[in-house]
Amino acid sequence: LCTVPRGSGAGHDVSVLFEGGSSGSLARGFSFRPPLHMTGVQPAHGPAAGLFDITILGRDFGVVDNTASATVGHTACLTTKWMSRSAIKCKVAPGFSKNLDISAHTQTSA
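Counting from 1, position 14 in the sequence shown corresponds to residue 1040 in the working numbering; the numbering is continuous, with no gaps.
Structure (structure tokens):
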């Protein structure tokens, strides 16, 4: 187990030094990924019947098509699609409430 300090960038070399002097390395084996930063959602409200799309806005959603997931309140979006490094689209499920939290997650593509 290794704790990595804060950092940035991609393609960092990884090195391991064992007791007794053995060592190994992996060139360009690690990349930092910043946390998702959400700044808003459009539209901000919709019909209780659901089945409409919202766009979650922000930054650091990834630079390639990533597997994305999102929730509105505690309910998963019916479909979620990564649009860009600053937008994720979510089809909202039916429900009644107001001022719900929005959460989003992406996975790094292989």
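Just so it is clear, CB atoms sit at the ideal spot from N, CA and C, and this is done for glycine as well.
Point to revise | Proximity below 8 Å, CB of D1081 to CB of A1113 | key: The residue asked about is misnamed: residue 1081 is Thr in this sequence, not Asp. Between T1081 and A1113, the C-beta spacing is below 8 Å.
Review point. Under 8 Å, do L1027 and V1040 count as touching if we go by C-beta distance?
Key: Not closer than 8 Å, so no.
Point to revise | Identity of the residues DSSP links to F1056 by a beta bridge | key: According to DSSP, F1056 bridges with H1038.
Exercise for review: Could you tell me how far apart the beta carbons of D1086 and C1116 are, in whole angstroms, since I believe they sit closer than 8 Å?
Suggested key: Not really, about 17 Å apart at Cβ, beyond 8 Å.
Practice item. Have a look at the DSSP bridge pairing and note the partners of G1050. Key: According to DSSP, which records beta bridges pairwise, G1050 is partnered with V1042.
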